[in-house]
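Below is one structure; the comments refer to it alone.
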Amino acid sequence: QKEVEQDPGPLSVPEGAIVSLNCTYSNSAFQYFMWYRQYSRKGPELLMYTYSSGNKEDGRFTAQVDKSSKYISLFIRDSQPSDSATYLCAMSSFILTGGGNKLTFGTGTQLKVEL
Amino acid sequence: GAGVSQSPSNKVTEKGKDVELRCDPISGHTALYWYRQSLGQGLEFLIYFQGNSAPDKSGLPSDRFSAERTGGSVSTLTIQRTQQEDSAVYLCASSAGPGQGAYEQYFGPGTRLTVT
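Just so you know, the sequences run in chain order G and C. Adding 91 to a residue's 1-based position in the first sequence gives its number in this note's numbering. Adding 40 to a residue's 1-based position in the second sequence gives its number in this note's numbering.
Below, the structure is given as structure tokens:
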């Protein structure tokens, strides 16, 4: 079983819809929870990151973390065709030597927002 | 400011040849990471640099893979005697290093490696 599970989709929604993307994880050592957006043949782009359980909002995006259930979500309001991309959840674990943070990614959910 | 840059953007090589992939991190970022993204495995951690040191090499899949970083900036990932299973997109990310901003990793566009 993978440490991070994410439904690969594809997910197709009409413009203006609310999109819900989700990941579950099994490693309690994960500290920070991120969402990345990746357009075709581009590198992942950091959208949001959160630390504690609860909600964090940034414009049309809301990230939600429930550490007790080991479940994170990303909500996109008023979705636009430009939101069509692959969304990757990622979770950081601390690298004891050197102070870095290793990211473990979900497989990504492919989203298409249609006109 | 300038983001993370990687070169080449695409590389096609024959099985058994060596390849070098380059990463230029964001200026001032002391932490640098290499990841690999392949169809079957998703995005996987390879190696972490803090300055010129590599405290965590746990993700390197075999001893054919090595990486170095010089001057606390540019990093090179080298794959020797390439195999077809090495075909993937190799991504570099950088962050501000220990302390504030350490969790925000910014990725480059990647190098798409195809081994024929």
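Even for Gly, the Cβ is constructed at its ideal location relative to N, Cα and C. Computed from a prediction, not measured in an experiment: that's the story for all the values here.
Would proline 149 of chain C count as contacting chain G if we go by Cβ distances under 8 Å? To locate residue 149 of chain C, count along the second sequence from 1; it is residue 109. With 8 Å as the cut-off, proline 149 of chain C counts as an interface residue toward chain G.
Unbroken beta strand (DSSP E) run spanning serine 147 of chain G, endpoints: Sequence index remark: in the first sequence, residue 147 of chain G carries index 56 (1-based). Correcting the residue type first, residue 147 of chain G is lysine in the shown sequence and not serine. Counting along the chain, the beta strand (DSSP E) containing lysine 147 of chain G begins and ends at 145 to 149.
Beta carbons nearer than 7 Å to chain G: which residues of the segment 75 to 86 of chain C have them? Those residues of the segment 75 to 86 of chain C that come within reach of chain G (Cβ to Cβ, closer than 7 Å) are Gly82, Leu83, Phe85.
Helix, strand or coil at aspartate 64 of chain C according to DSSP, with G and I counted as helix: Here the question's residue 64 of chain C lines up with position 24 in the second sequence. Strand.
Of all the options C:Arg152, C:Tyr88, C:Cys132, which has the alpha carbon lying nearest to the alpha carbon of glutamate 125 of chain C? By one-based count along the second sequence, residue 125 of chain C stands at place 85. Scanning C:Arg152, C:Tyr88, C:Cys132 for the CA closest to the CA of glutamate 125 of chain C turns up C:Arg152.
What number of angstroms, rounded off, separates the C-alpha of glutamine 171 of chain G from the C-alpha of glycine 43 of chain C? Residue numbering aside, residue 171 of chain G sits at position 80 when the first sequence is read from its first letter. Residue numbering aside, residue 43 of chain C sits at position 3 when the second sequence is read from its first letter. The straight-line gap from Cα to Cα measures roughly 25 Å.
Quick check: what's the CA-CA separation for alanine 154 of chain G versus arginine 121 of chain C? Position 63 of the first sequence, counted from the start, is the residue given in the question as residue 154 of chain G. Position 81 of the second sequence, counted from the start, is the residue given in the question as residue 121 of chain C. Those two C-alpha atoms are separated by around 43 Å.
Decide if alanine 120 of chain G is buried, meaning its Cβ has at least 16 other Cβ atoms within 10 Å, or exposed. The count along the first sequence starts at 1 and reaches residue 120 of chain G at position 29. If you draw a 10 Å sphere on the C-beta of alanine 120 of chain G, you find fewer than 16 other C-beta atoms in it, and that means exposed.
Considering only the beta carbon of each residue, do lysine 193 of chain G and serine 103 of chain G sit closer than 8 Å? Here residue 193 of chain G refers to the residue found at position 102 when the first sequence is read from its first residue. Here residue 103 of chain G refers to the residue found at position 12 when the first sequence is read from its first residue. Taking the C-beta atoms as reference points, serine 103 of chain G is found no nearer than 8 Å to lysine 193 of chain G.
Within 8 Å, do at least three Cβ pairs link the segment 108 to 117 of chain C to the segment 49 to 62 of chain C? Under the Cβ criterion (8 Å, minimum of three pairs), the segment 49 to 62 of chain C counts as touching the segment 108 to 117 of chain C.
Are leucine 179 of chain G and glycine 199 of chain G closer than 8 Å when you measure CB to CB? What you label residue 179 of chain G is simply residue 88 of the first sequence in a count that begins at 1. What you label residue 199 of chain G is simply residue 108 of the first sequence in a count that begins at 1. For leucine 179 of chain G and glycine 199 of chain G, yes; Cβs fall inside 8 Å.
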